[in-house]
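Residue numbers (my numbering): 10 to 426.
All residues carry an ideal CB built from backbone N, CA and C; glycine is no exception.
It should be emphasised that the depicted structure is a prediction, and the values quoted were computed from it without experimental measurement.
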Ligand code: NIG
Ligand code: FE
């Protein structure tokens, strides 16, 4: 089956030779073709270029059935990759939202048994089926916002059975939705109530029981630790990453959200695919990230929602680093998976240019979840995951019109969604 999209006003994020990610000064540049066509064959991108180079005779020569779409006045964007979410959860946490409005901090709420432990209580009571249904709804929601690939973490179970339950839900989402999904084991999200005051024993449980069982069922692509003030120490993190690596789980770390925690450095030490949050980043952290293969990932939704200090994104890009932006979709610190809004926050709060936020939410997040060979840009051979906008002036309009729904048609794996 072929689909030919013609008269595209701007075809965005095209790559002749696909890159791993985009860093530093290059983040301000995007491959854009004006008045373009895009050819899809089965689930992949088969060709693209300027309309004047479109060889219709060659495309129609084999007598195949071809669906043609006229995209006059419209843009075509690769689908977002959202490389950091916790979208398997049971129940929302708007009561804590009120506590926050009244002035309690994230740490204070966590100390009172709110926060992650609140979600843990609920997830333990929920059935796998209930969790699947709720998460499936959220997948449909984010697909409608233009996300085509998503990483999903466990971390609200905090006991072996409930962590496995979450990961099995993610496995089902992988099999039953057209999105490209990666799963991450985050048993070290918080110390559960029954281990209060016995953190090391909980870390031992993760190392000796959870990691081997997760690996045995091949339930996780990656391993994550919340390495931060009041949560897990660098020493705990070092031990858990070491154990995970033995089973081939590459780290993706929650780091430096609440303090200069050492999380970035320990992540780089274990060749983490990404270190995420990064509100507290100084020269030491930047130095450690330079010449590493670790993607610095900022979560503007969480910083916005919790009123946290903003990560020094300009300083990181100016130093030559790549930056990725993900949603952190979760019930506590970022109850939204809208990546277009994340782009707007990137521009407004972090002073990123529209071109930079497009790179940060497509190719760089694809790298941060290990799917850059498959998606993250418009390139021949990559999955046909893209959306066609409503008629728009140009790429800058996307982050500018920060609540407008600009999506007209979505393609996932070559099929209209
Ligand atoms: O990424 N920072 C740690 N974990 C989550 C929050 C989870 C929650 O509050 O439920 C985050 O923001
Ligand atoms: Fe998170």
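Residue i - containing beta strand (DSSP E), residue span
i           : result
residue 20  : 11-21
residue 50  : 41-50
residue 162 : 156-162
residue 283 : 283-286
residue 115 : First-last for residue 115: 115-120, but that is the alpha helix (DSSP H), not the beta strand (DSSP E).
residue 97  : Run containing residue 97: none; DSSP gives neither H nor E here.
residue 57  : 53-59
Heavy atom of the ligand NIG within 6 Å of residue i beta-carbon
i           : result
residue 339 : yes
residue 125 : yes
residue 235 : yes
residue 311 : yes
residue 136 : no
residue 342 : yes
residue 101 : no
residue 128 : yes
Identity of the residues DSSP links to residue i by a beta bridge
i           : result
residue 78  : 14
residue 236 : 241 and 264
residue 405 : Partner(s): none; residue 405 has no beta bridge.
residue 252 : In the DSSP output, where bridge partners are listed per residue, residue 252 has none listed.
residue 86  : 396
residue 333 : 306
residue 189 : 158
residue 343 : 339
Proximity test, residue i beta-carbon vs the ligand PLP heavy atom, cut-off 6 Å
i          : result
residue 38 : Within the structure as shown, the ligand PLP is missing, the only ligands being the ligand NIG and the ligand FE.
Extent of the continuous alpha helix (DSSP H) run through residue i
i           : result
residue 356 : 348-359
residue 171 : 169-185
residue 65  : 65-69
residue 277 : 272-278
residue 91  : Taken as a continuous stretch (DSSP letters only), residue 91 belongs to no alpha helix (DSSP H), being part of the beta strand (DSSP E) at 89-91.
residue 309 : 309-315
residue 230 : Careful: residue 230 lies outside any alpha helix (DSSP H) and carries neither H nor E.
residue 322 : 322-327
residue 149 : 137-153
Buried versus exposed call for residue i [16 or more other C-beta atoms within 10 Å across all chains shown]
i           : result
residue 149 : exposed
residue 249 : buried
residue 60  : exposed
residue 335 : buried
residue 69  : exposed
residue 71  : exposed
residue 299 : exposed
residue 202 : exposed
residue 324 : exposed
residue 43  : exposed
Minimum length 4: unbroken alpha helix (DSSP H) runs contained in the region 193-221: Fully enclosed alpha helix (DSSP H) runs of 4 or longer: 208-214.
task: List in chain order: all unbroken alpha helix (DSSP H) runs of 4+ residues lying wholly within the region 358-425.
output: Fully enclosed alpha helix (DSSP H) runs of 4 or longer: 363-370, 372-377 and 406-409.
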